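Enquirer: When we follow our numbering, the leftmost residue of the sequence shown carries the number 1236, and every step to the right adds one. Each residue gets a CB set at the ideal place from its N, CA and C atoms; glycine is no exception. From a predicted model like this one, the values you see are computed outputs, not experimental measurements. Supplied in C-alpha cells, the structure appears directly below.
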Amino acid sequence: MRRGLALLLLLVPLAACSGGGPEATPQQPVVLVSAAANLADVLPPLLESFRQRTGIPAQVNYGNTAQLAAQIERGAPVDLFLAADRQHVEQLARKGLVLADTLCVYARGKLVLWARPGSGLGLRSLEDLASPRVGRIAIANPDQAPYGAAARQALQRLGLWEALQPRIVIAENIQQALQYARSGNVDVAFTALSLVIDEDGERLEVPSRLYDPIEQALAVVKGSPREAAARRLADFLVGPESAAAWQRYGYERAGEGGR
C-alpha cells in the first residue's frame, strides 16, 4: 500500500549530527535502533537505502518515546534513539546516556485526525468531535507519547478536552490508536500524517497553532559498541540523501544547520 523513496534535508540549529566513522564492512554487527512509532512507514525504506550504500544493516524496535527512553535508562542494548520529541533525548543527554554531540532534530511531525473509509463523519474541524455522530476517539497515551500529548493540547486549547473525556480511548502509541480506528473499535483517531498519507479514509490535519511543534530528535547512545556505524546512520537520516523521503511522508523541514 505504501511507497517509494524520497526526501527533505532536516538539520537543526540545536546541534549538528556528528561526522560518520570509518568505512563500515558488510561483516559489521547490526545497528540496533529504538524508534518512535510514527516512523514505522518512513524508516524501513530509509534503512534499506542506507544498507545498500554502506553495507550496514539495522534492526528497529518501535514504541512510544517515553517507554523507549526508559528502556535506554535501564541499559537496553540500543545504538541509536529516534524519538518523537526532543525533550526525552535531551533528558538522556543530561544524564550522560547519549552522546550530546550527536543530538539533533531530524524532522517535524504533523498531527492528523483520521477516520476509516465509509465512516460518513464528514469532519471539517476538531469542534465536530463534540457532535453526537462521533463516538469513541483514540489518542496515544498523552503522558508518554508526544503525538498523544499534542492531541490533548489541541483539544485543551479548543476547550474540548474535558467534555470529550468519556469518549477518549487511550492507546499505547499512535500506531495502536490508528489500528483502533482501522478496525472500527473507535470512530476516529489522532495519529501522525506519515502513517496515513497514502491511506484511504477521512483525514483532517490538526492546525499547527493548536499544539507545540513536534520536533523529533535523535542521538547515539553512549557506550554503544557500534558507535561509528550509528553515527553514520544518524548522519544519513538528516542528510541530503534522505531529504526527499521525509518530505514524501509528510514531515516538515525542521531547520537547517551545518557541520
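Between the C-alpha atoms of GLU1440 and VAL1340, what's the straight-line distance to the nearest angstrom?
Expert: Roughly 22 Å separates the two Cα atoms.
Enquirer: Any idea which residues DSSP pairs ILE1403 with across the strands?
Expert: DSSP output for ILE1403 lists ILE1372 as bridge partner(s).
Enquirer: Return yes when the Cβ of ALA1293 is within less than 9 Å of the Cβ of ALA1304, no when it is not.
Expert: It is not a contact, given that the beta carbons lie outside the stated cut-off.
Enquirer: Under 9 Å, do TYR1486 and GLY1331 count as touching if we go by C-beta distance?
Expert: Their beta carbons are not under 9 Å apart, which means TYR1486 does not touch GLY1331 by this criterion.
Enquirer: Using the C-alpha atoms, what's the distance from ARG1444 back to LEU1356?
Expert: Going by the C-alpha atoms only, they are around 24 Å apart.
Enquirer: Does DSSP put ALA1478 in a helix, in a strand, or in coil?
Expert: Of the three classes helix, strand and coil, the one that applies to ALA1478 here is helix, per DSSP.
Enquirer: Looking only at C-alpha atoms, which of GLU1437, ARG1309, ASN1408 and ASN1273 sits nearest to SER1360?
Expert: Closest by alpha carbon: GLU1437.
Enquirer: For ARG1372 versus LEU1399, is the C-beta spacing smaller than 9 Å?
Expert: A quick correction: the sequence has Ile, not Arg, at residue 1372. Closer than 9 Å, so yes.
Enquirer: Assuming LEU1191 and ALA1454 make a contact with CB atoms under 8 Å, what is their CB distance in whole Å?
Expert: The chain is shown from 1236 up to 1494; residue 1191 falls before or after that span and cannot be answered.
Enquirer: Applying the criterion that 16 or more other CB atoms from any shown protein chain within 10 Å of the CB defines a buried residue, is GLN1287 buried or exposed?
Expert: Counting Cβ neighbours within 10 Å, GLN1287 comes out exposed, since fewer than 16 surround it.
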